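*Asks:* I have a structure here, written as structure tokens, and I will follow up with some questions on it.
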């Protein structure tokens, strides 16, 4: 379903556009002014004239989009006048520096969720409930089969799994930006102080988190270890793509596990050939999605990503909220079959 | 139940063969025989009885949630399995495992059958009461046991090895004891793991089948054709025909007793000398015919409890013998094939001289094919077609008769499959490991009117990367959705391989295909250049 042509936000080939602010939110193609919810690759793309984003995401954005991008750092809750619109960024609890973006002009207010979660996460600021007339929400895990356990509980499962294999390395595959650092912070929170090994792709993203003062165990890049060093009993965090790459040969015989919300379904884990799956997601689960929509008090809801038609129908038929899936280039269908798709 | 649930979890969570065997060994050592017996039956896949259907379990769960039908359906299509969908949606799992003492045997022999026997209202309540005592993991397991869908990634071989180690028994002996079925009870289990006895009584049981592997031509390089026995690879079902003092029996490779489906072969067995076990192929073969009938005619005989006289006349069964496993009551499997073949031929000769006329054509010796040098292998393989065989078997003349698939002794060398290029028309999401991934495909060929007509379904042949790529393509090129099925734009061409074609009135295309699978994604070929039904009919002439 398309957005109404006269609304505060419209959908253009470049993405969601706010005429009053003359700005696009997480645009798919280069535009003069981009408002960025967070630094994952499917939300922050290169080539825009200027970027507005939360200050703590600056380091990672520059690293990924170029050191010389024009970036205007924003604080949570700060109300900005951009063009004729009042714009504010509010914590989304997804990854470091992630935000929901609220836009207001005339008598209308819209809220774009970006990616978000409701569970506590020691690696980033917690989600802030925000109200608006119209709410555009993601629905990556928009089915009631997805119910998350706390990060603490999952960290304990991982600790047990790791400690049961003192004679070989344990490798956790997790997305390099966000999930990997959350894992470290969750482990620190249950008292893990052992040094953790990091694949280069994960190590490169640590500086911003250390700078932000996130408590994590000591870490060291895998590449800095002397050749032939024993890795028995060590924990390594690596991105999923590294499973097929070279440079991990010294890890022969390691036990492996994948950390993702998709691991909630047995078939999804077995299909990927991981021995073990830990269910930990940086997206809202079903209950979190429904609760967030209710708390937004929006009269109209649009749903993007993943199970958008299912969540919209549920909101209409069960919750009595006017809701529709929003067609567009929000990733063809986020189905969990994409190994590369970054955030889950 | 708790120990078995932990075993299930651990087996499910590792991909290491050694770890699985160790875990099985540990389980069998540590639980009472009644539980071990049930676990064994479940792991071997011998107890897949459906007590309550998956659909009914979903109903029972749904009544306890506020979720509408369509949402339950959407969840099911994402998960691909009713038992697991319920486990994920059940709102009140127990936080911790309870009832440490309760045994798998009591669950399997009493509690679950009791639930199945209740009236609907009482059943719904009792099932929910039961679920409320289970953790999410146990709930998944119990639902799988109830719905008959219990499966875990261990082969019969691994289970046998784990159990053999826990009992300190020889694996082959245990495999033999397990042949022909196992009824779960403490007594049966104790019998199974009893120390090897003198002249052990295995009267009713077949031997584990020895299986061939697909030929790797390099493996023949250092050998001479005279080191090998070459036979046709018959297109029937593998069987073991047994004549012992305990009676006559015919076993299929699936370890099922198929006496009732083939009364004429049981008659044949009783005409054999006492203490005889033959390995061979069950086929349909008319007494005067030069070659057996196509597999489809054998299929008419399979699964029939009591075939009519008319059917027995129309599709007469025969046993094509190619090995002798027991001779005069003695297990001769360790002797080389060279000697076993000689004994088999002697036995056949004596039998022919004395057997009644009506049985003569029921037992046939699988003839050995002569080959002087390897150059002749390919022409010989092509001749298999004339004998209505699937290809060639190569068996080392010095090979013992082993158990299971051991590479190096026996090779199968099948005819090249038939191939057609067909257009992808429909796709459906798979289940289990392939849930939420479009992996079940229907393909069409062109008819004379220039329309695509569905002619085959295929599930296998693509690698994981191709499956994911095609899944994305299907989602982006869907035309219509019919429940779980999507029709797609007719653009993608695939080369399908199959073993045979048969005219069929039941199929819209008029053709039934045997064992279709995808052999190649023809990205180079536009849909307009895919094959036609006419070309399929032409292939049928080549190999009916």
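Residue numbers (my numbering), protein chains in the order written: chain F, 1019 to 1362; chain L, 157 to 700.
Ideal Cβ placement from N, Cα and C applies to all residues, glycine included.
Given the structure is predicted, the values throughout are model-derived calculations rather than measurements.
Am I right that residue 389 of chain L and residue 568 of chain L are in contact with their C-beta atoms under 8 Å? What's the rounded C-beta distance?
*Replies:* Stepping through the second chain from its first residue, residue 389 of chain L is reached at position 233. Stepping through the second chain from its first residue, residue 568 of chain L is reached at position 412. Right, the Cβ-Cβ distance comes to about 6 Å (below 8 Å), so this counts as a contact.
*Asks:* Going by DSSP in three states, residue 1091 of chain F sits in which element: helix, strand or coil?
*Replies:* Numbered from its first residue, the first chain carries residue 1091 of chain F at position 73. Residue state, collapsed to three classes: strand.
*Asks:* Could you check if residue 1122 of chain F is buried or exposed, using at least 16 other CB atoms within 10 Å of its CB as the buried criterion?
*Replies:* Within the first chain, the letter at position 104 stands for residue 1122 of chain F. Counting Cβ neighbours within 10 Å, residue 1122 of chain F comes out buried, since at least 16 surround it.
*Asks:* Going by beta carbon distance, what residues of the same chain come within less than 6 Å of residue 1357 of chain F, once the five residues before and after it are set aside?
*Replies:* By one-based count along the first chain, residue 1357 of chain F stands at place 339. Unreliable positioning characterises residue 1357 of chain F in this predicted model, as indicated by a pLDDT of 41, which lies under 50. The coordinate reading is nonetheless provided below. These residues qualify, in order along the chain: 1258.
*Asks:* Please determine, among L:381, L:366, L:578, the residue with the shortest C-alpha to C-alpha distance to residue 531 of chain L.
*Replies:* The sequence position of residue 531 of chain L within the second chain is 375, counting from 1. It is L:381 whose Cα lies nearest to the Cα of residue 531 of chain L.
*Asks:* The alpha helix (DSSP H) that contains residue 177 of chain L, what's its start and end?
*Replies:* Your numbering for residue 177 of chain L matches position 21 in the second chain. Residues 173 to 186.
*Asks:* Quick one: is residue 235 of chain L near chain F, going by C-beta distance under 8 Å?
*Replies:* Translated into the one-based positions of the second chain, residue 235 of chain L becomes position 79. Answer yes: the Cβ-Cβ gap between residue 235 of chain L and chain F drops below 8 Å somewhere.
*Asks:* Can you check whether the CB of residue 1107 of chain F is closer than 8 Å to the CB of residue 1311 of chain F?
*Replies:* Numbered from 1 along the first chain, position 293 holds the residue referred to as residue 1311 of chain F. Numbered from 1 along the first chain, position 89 holds the residue referred to as residue 1107 of chain F. In this structure, residue 1107 of chain F does not lie closer than 8 Å to residue 1311 of chain F by Cβ.
*Asks:* When the Cα atoms are used, what is the spatial distance from residue 211 of chain L to residue 238 of chain L?
*Replies:* Start at 1 with the first residue of the second chain, and residue 211 of chain L comes out as number 55. Start at 1 with the first residue of the second chain, and residue 238 of chain L comes out as number 82. Those two C-alpha atoms are separated by around 7 Å.
*Asks:* Going along chain F in order, which residues have a C-beta closer than 7 Å to the C-beta of residue 291 of chain L?
*Replies:* As a first step, residue 291 of chain L is located in the second chain; it is residue number 135 there, counting from the start. Going along chain F, no residue has its Cβ under 7 Å from residue 291 of chain L, so there is no contact; the nearest lies around 12 Å.
*Asks:* Using a beta-carbon distance cut-off of less than 8 Å, what residues from the stretch 223 to 248 of chain L approach chain F?
*Replies:* 223, 224, 226, 227, 230, 231, 234, 235, 236, 237, 240, 241, 244, 245
*Asks:* Can you pull the chain L neighbours of residue 1171 of chain F, defined as C-beta to C-beta under 9 Å?
*Replies:* Along the first chain, one-based indexing puts residue 1171 of chain F at 153. The contacting residues do not exist; residue 1171 of chain F stays about 11 Å from chain L at best.
*Asks:* Pop quiz: residue 1202 of chain F and residue 1235 of chain F are said to be a contact at Cβ under 8 Å. What is the actual Cβ separation, rounded to whole angstroms?
*Replies:* In the first chain, residue 1202 of chain F corresponds to position 184, counting from 1. In the first chain, residue 1235 of chain F corresponds to position 217, counting from 1. Indeed they touch by this definition, with Cβ atoms about 6 Å apart.
*Asks:* With DSSP as the reference, please indicate the residues paired to residue 1126 of chain F in a beta bridge.
*Replies:* Position 108 of the first chain, counted from the first residue, corresponds to residue 1126 of chain F. The partner list for residue 1126 of chain F (beta bridge, DSSP) reads F:1123.
*Asks:* Run through the DSSP bridge pairs and tell me what residue 1273 of chain F is partnered with.
*Replies:* The residue labelled residue 1273 of chain F in the question sits at position 255 within the first chain. Looking at the DSSP assignment, residue 1273 of chain F forms a beta bridge with F:1188.
*Asks:* When you compare the CB positions of residue 1132 of chain F and residue 1072 of chain F, do they come within less than 8 Å of one another, or not?
*Replies:* In the first chain, the residue the question calls residue 1132 of chain F occupies position 114. In the first chain, the residue the question calls residue 1072 of chain F occupies position 54. Not closer than 8 Å, so no.
*Asks:* Can you list the residues of chain F that residue 169 of chain L reaches, using a CB-CB cut of under 7 Å?
*Replies:* Residue mapping note: residue 169 of chain L aligns to position 13 of the second chain, counting from 1. Below the 7 Å Cβ cutoff, chain F contributes 1293, 1294 as neighbours of residue 169 of chain L, in chain order.
*Asks:* For residue 647 of chain L, which residues of its own chain have a beta-carbon under 6 Å away from its beta-carbon, when the five flanking residues on both sides are left out?
*Replies:* Position 491 of the second chain holds residue 647 of chain L. The residues are 683.
*Asks:* Run down chain F in chain order and give the residues with a C-beta less than 9 Å from the C-beta of residue 591 of chain L.
*Replies:* Position 435 of the second chain, counted from the start, is the residue given in the question as residue 591 of chain L. Here the neighbours are 1283, 1284, 1285, 1286, 1289.
*Asks:* Pull out every residue of the stretch 1305 to 1336 of chain F whose Cβ sits closer than 8 Å to any Cβ of chain L, in chain order.
*Replies:* 1325, 1328, 1331, 1332, 1335, 1336
*Asks:* Around the Cβ of residue 635 of chain L, are there at least 16 other Cβ atoms within 10 angstroms (buried) or fewer (exposed)?
*Replies:* Indexing the second chain from 1 puts residue 635 of chain L at position 479. Exposed, by the Cβ-count rule.
*Asks:* If the criterion is Cβ atoms closer than 8 Å, does the pair residue 1127 of chain F and residue 1120 of chain F meet it?
*Replies:* Sequence index remark: in the first chain, residue 1127 of chain F carries index 109 (1-based). Sequence index remark: in the first chain, residue 1120 of chain F carries index 102 (1-based). For residue 1127 of chain F and residue 1120 of chain F, yes; Cβs fall inside 8 Å.
*Asks:* Say whether chain L places a C-beta atom closer than 8 Å to the C-beta of residue 1161 of chain F.
*Replies:* Looking up residue 1161 of chain F in the first chain gives position 143. Yes, because at least one Cβ of chain L sits closer than 8 Å to the Cβ of residue 1161 of chain F.
*Asks:* Three-state secondary structure (DSSP) at residue 1216 of chain F?
*Replies:* For the purposes of this step, residue 1216 of chain F is identified with residue 198 of the first chain, where counting begins at 1. It is a strand residue.
*Asks:* By how many angstroms is the C-alpha of residue 562 of chain L removed from the C-alpha of residue 524 of chain L?
*Replies:* Start at 1 with the first residue of the second chain, and residue 524 of chain L comes out as number 368. Start at 1 with the first residue of the second chain, and residue 562 of chain L comes out as number 406. If you draw a straight line from the Cα of residue 524 of chain L to the Cα of residue 562 of chain L, it comes to about 22 Å.
*Asks:* Taking the beta carbon of residue 1156 of chain F as the centre, do at least 16 other beta carbons fall within 10 Å, making it buried, or is it exposed?
*Replies:* To locate residue 1156 of chain F, count along the first chain from 1; it is residue 138. Result: buried.
*Asks:* In whole angstroms, what is the alpha-carbon distance linking residue 653 of chain L and residue 627 of chain L?
*Replies:* Your numbering for residue 653 of chain L matches position 497 in the second chain. Your numbering for residue 627 of chain L matches position 471 in the second chain. Just so you know, the alpha carbons of residue 653 of chain L and residue 627 of chain L end up roughly 21 Å apart.
*Asks:* Can you list, in chain order, the residues of its chain with a C-beta nearer than 7 Å to that of residue 1339 of chain F? Leave out the 5 residues immediately preceding and following it.
*Replies:* Stepping through the first chain from its first residue, residue 1339 of chain F is reached at position 321. Excluding positions up to five away in sequence, the list reads 1311, 1319, 1333.
*Asks:* Output the distance between the C-alpha atoms of residue 251 of chain L and residue 285 of chain L, rounded to the nearest integer angstrom.
*Replies:* In the second chain, residue 251 of chain L corresponds to position 95, counting from 1. In the second chain, residue 285 of chain L corresponds to position 129, counting from 1. Cα to Cα, residue 251 of chain L sits roughly 15 Å from residue 285 of chain L.
*Asks:* Quick one: give me the first and last residue of the alpha helix (DSSP H) that residue 645 of chain L is part of.
*Replies:* By 1-based counting over the second chain, the position of residue 645 of chain L is 489. Here residue 645 of chain L belongs to no alpha helix (DSSP H), and DSSP marks it neither H nor E.
*Asks:* Determine the burial state of residue 277 of chain L: buried for a count of at least 16 other Cβ atoms within 10 Å of its Cβ, exposed for fewer.
*Replies:* The residue you call residue 277 of chain L lines up with position 121 of the second chain. Its Cβ having fewer than 16 others within 10 Å, residue 277 of chain L is exposed.
*Asks:* Can you list, in chain order, the residues of its chain with a C-beta nearer than 6 Å to that of residue 1214 of chain F? Leave out the 5 residues immediately preceding and following it.
*Replies:* Taking the first residue of the first chain as 1, we reach residue 1214 of chain F at position 196. Result list for residue 1214 of chain F: 1235, 1237, 1253, in chain order.
*Asks:* Thinking just about the alpha-carbon of each residue, which of L:417, L:488, L:466, L:442 is nearest to the one in residue 455 of chain L?
*Replies:* For the purposes of this step, residue 455 of chain L is taken as the residue at position 299 of the second chain. Comparing Cα positions, the closest option is L:417.
*Asks:* Can you tell me which residues form a DSSP beta bridge with residue 487 of chain L?
*Replies:* Taking the first residue of the second chain as 1, we reach residue 487 of chain L at position 331. BP columns for residue 487 of chain L point to L:482.
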